């Protein structure tokens, strides 16, 4: 049983073919987080007290599965940004339909059911899905950590403002990938 | 685009290995609905104005996909009740975590987004997931049809009471599979 | 602070002017529950470990307040069914918009925040708002008690079926007002 | 009936006694918006096609009513910031429990039910409740307008970043109070 986990590492929207508007600016930022994120995911896998969860947009296709999303991302413009952090078949995977990882998903239920009160948010985009998921975590009184080197932005200025908002107004700890599971 | 659909046919919890408590009583009832349900699904596929949706419990396993659920149901006690109505890979498929098809899923979002105001609820169990999904549809002001010969019960008395509740208190039309898409 | 409560007594839809369709059948049943319900509310008030909550429909008027609803119910057809159980100004009061006490309200948030895992559902209508609120409590893994002599029905047959559904399928304990807080 | 409204003017958290941390910085900003906001509320009242809604935090007290919140705000540090924009008893009023106007409230239900697709968000705090409510409006595909002179911030830098995020990432129109209902 999962009862031992107290922290969830939530990997958001990393299954991306990088073919959308702004994809280049985003990919530049993702390049820098792939290695720290890969390491963090690896450490999460090794620990009994960390629940690893992938939450990813279904891009409007309700017939898509985790495997379809992985395949499509690997066939996209930047497989090098996908392959190191792709979920394995045993990973918990929640499809989402909009920006927040909580909206229209079973994430809140899963966290409550498994009595997980701490979330580490990683992935993309800092000033969009990460920020919005942080907000939804905050209104639910979850404790939030965001490793600065494991979240990617499109706009550096708004990305920085988002981190400030999370820190000041949502009581998030802004940390690093190396230290966030210690 | 999906914009033409005005009705959704929602197939609930038919991917079942029939290994749980009460599975025998349920399977006896499912036997009688498989053929009308198969025909109804077939007609839905042929029509542009009907959105076919499968919603199925993930049985507590958040790593499971549609394909896993189909495979596991086909390997269960009653593949004959699964094979005729199994979703094809192009089918919209929403995993659910509790009884109602709305709770912890993107179903409400999908229906709103596609401007679908009418739902036909089919599958199992009449006095549980069907009833609870009907309630959640009713509070959202959706029009509900339930084909009596395409929903399966465990307890005949409670199944009948559930149909009465849906009809009297949730304004559902209790119909037949043959007529519900006309 | 409220931290000591572990049980909530949730009084549903008792502020009713009894002017709607079916009001007479309902009032006949409410007559029998007023005294046990009054006693139960009184005991809840005296106990530190019971959170007393009123949840009531706003009847579509979003400008209405608790005080308006009390006044309107007292001016209705059956003030004798309202006066003994009316909330005092210090009572927690949540307006609702549809049948379930959870839909479109802050009830889930309040229960989570105050770490309340047990709910006692009382009021009206057994086969409608009580049943639907029980379902929403059950999908959230709350423990449910329903005192048979503190819930009122419109249809005796459906009311009885609703109690059976709650007991068998939602793990509710069907109890009496006298014993449900012991 | 309300069916004619297509836009809602949503006044957020203006019933504030201004006694919290950061209240002074906030009040300085609110001073500048009171007059444009008062005018905007007045115009909304005069128009059949605009639904005026107040949504306000209950500050953790579930027994509080609209009238209590008005009274408490008028007795606070800055009645001059409250009196000109206080809701009258006929105003729709939704209590909220956390930052977003959508979380734990019936706002989504009300907007859907009244077929309102456009929202104008006003009040406080730009980089908190306004931003978070905008996000929740955006994921629900509502069209958003935010009059820059009718929203108040605590931190000018984060307030500005919040407006940029709403404009770029949530397709909000950043407008003025004078023009937003034309």
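Residue numbers (full-length UniProt numbering), protein chains in the order written: chain A, 1 to 182; chain B, 1 to 182; chain C, 1 to 182; chain D, 1 to 182.
All C-beta atoms in this analysis are idealised placements derived from N, C-alpha and C, irrespective of residue type, glycine included.
None of these values were measured; they are calculated from a predicted model.
Let me confirm a value: residue i is counted as buried when at least 16 other C-beta atoms fall within 10 Å, else exposed. Which label applies?
i: residue 1 of chain D; result: Confidence in residue 1 of chain D is poor, its pLDDT being 37 and thus under 50, which makes the residue's placement too unreliable to answer from.
i: residue 64 of chain C; result: buried
i: residue 3 of chain A; result: Unreliable positioning characterises residue 3 of chain A in this predicted model, as indicated by a pLDDT of 47, which lies under 50. A coordinate reading is not provided.
i: residue 22 of chain B; result: exposed
i: residue 105 of chain D; result: buried
i: residue 156 of chain C; result: exposed
i: residue 145 of chain B; result: buried
i: residue 89 of chain C; result: exposed
i: residue 49 of chain C; result: exposed
i: residue 19 of chain A; result: exposed
i: residue 136 of chain B; result: buried
i: residue 170 of chain A; result: buried
i: residue 57 of chain C; result: buried
i: residue 118 of chain C; result: buried
Return the residue from the list the options that minimises the CA-CA distance to residue i.
i: residue 24 of chain A; options: A/76, A/172, A/113, A/101; result: A/76
i: residue 59 of chain A; options: A/165, A/42, A/15; result: A/15
i: residue 47 of chain D; options: D/8, D/176, D/146, D/80; result: D/8
i: residue 166 of chain C; options: C/129, C/33, C/39, C/5; result: C/129
i: residue 132 of chain B; options: B/74, B/107, B/117, B/103; result: B/103
i: residue 172 of chain D; options: D/148, D/143, D/182, D/150; result: D/143
i: residue 181 of chain A; options: A/117, A/40, A/20, A/36; result: A/40
i: residue 91 of chain D; options: D/45, D/138, D/160; result: D/45
i: residue 96 of chain C; options: C/159, C/158, C/10; result: C/10
i: residue 80 of chain A; options: A/174, A/28, A/98; result: A/28
i: residue 101 of chain C; options: C/32, C/6, C/138, C/179; result: C/138
i: residue 99 of chain B; options: B/112, B/127, B/86, B/82; result: B/127
i: residue 6 of chain A; options: A/112, A/68, A/164; result: A/112
Listing by chain order, which chain C residues have their CB less than 9 Å from the CB of residue i?
i: residue 117 of chain D; result: Chain C residues near residue 117 of chain D: none, gap ~18 Å exceeds 9 Å.
i: residue 89 of chain D; result: 63, 65, 68
Determine the chain D residues that contact residue i at a beta-carbon separation under 8 Å, and present them in chain order.
i: residue 62 of chain C; result: 53, 92, 93, 94, 106, 110
Quick one: grab the DSSP three-state call for residue i.
i: residue 126 of chain D; result: helix
i: residue 97 of chain A; result: coil
i: residue 18 of chain A; result: coil
i: residue 82 of chain D; result: coil
i: residue 75 of chain D; result: coil
i: residue 52 of chain D; result: strand
i: residue 154 of chain A; result: coil
i: residue 149 of chain D; result: helix
i: residue 8 of chain D; result: strand
i: residue 68 of chain D; result: helix
i: residue 61 of chain A; result: coil
i: residue 173 of chain A; result: strand
i: residue 198 of chain D; result: Any property of residue 198 of chain D remains undetermined from this structure, which presents chain D solely from 1 to 182.
i: residue 121 of chain B; result: strand
i: residue 92 of chain B; result: strand
i: residue 47 of chain C; result: coil
i: residue 115 of chain B; result: coil
Quick one: list the residues of chain A neighbouring residue i, beta-carbon separation under 9 Å, in chain order.
i: residue 113 of chain C; result: 141
i: residue 66 of chain B; result: 63, 65
Could you name the residues of chain B that residue i contacts, counting a contact when the two beta carbons are closer than 8 Å?
i: residue 127 of chain C; result: 165, 169
i: residue 132 of chain C; result: 135, 139
Throw me the rounded Cβ distance for the residue i and residue j pair, which I believe falls under 8 Å.
i: residue 125 of chain C; j: residue 153 of chain C; result: 6 Å
i: residue 162 of chain D; j: residue 122 of chain D; result: So it is not a contact: roughly 14 Å between Cβ atoms.
i: residue 66 of chain D; j: residue 108 of chain D; result: Incorrect: roughly 20 Å between the Cβ atoms, too far for contact.
i: residue 84 of chain C; j: residue 30 of chain C; result: 11 Å between Cβ atoms; not a contact.
i: residue 62 of chain A; j: residue 110 of chain B; result: 6 Å
i: residue 114 of chain D; j: residue 51 of chain D; result: 6 Å
i: residue 55 of chain A; j: residue 12 of chain A; result: 5 Å
i: residue 36 of chain A; j: residue 177 of chain A; result: 4 Å
i: residue 73 of chain D; j: residue 147 of chain D; result: With a Cβ gap of about 22 Å, residue 73 of chain D and residue 147 of chain D do not count as contacting.
Name, please, each residue of chain C whose Cβ falls closer than 8 Å to the Cβ of residue i.
i: residue 99 of chain B; result: 135, 138, 139
i: residue 184 of chain B; result: No statement about residue 184 of chain B is possible, as the shown extent of chain B runs from 1 to 182 and does not include it.
Can you list the residues of chain A that residue i reaches, using a CB-CB cut of under 7 Å?
i: residue 103 of chain D; result: 139
i: residue 161 of chain D; result: 158, 161
Which bits of chain A does residue i rub up against, with CB to CB less than 8 Å?
i: residue 59 of chain D; result: Near residue 59 of chain D there are no residues of chain A at all, since even the closest Cβ is about 15 Å away, more than 8 Å.
For residue i, return the contacting residues in chain D, with the cut-off set at a CB-CB distance below 9 Å.
i: residue 152 of chain A; result: Within 9 Å Cβ-Cβ: nothing; residue 152 of chain A doesn't reach chain D, min ~15 Å.
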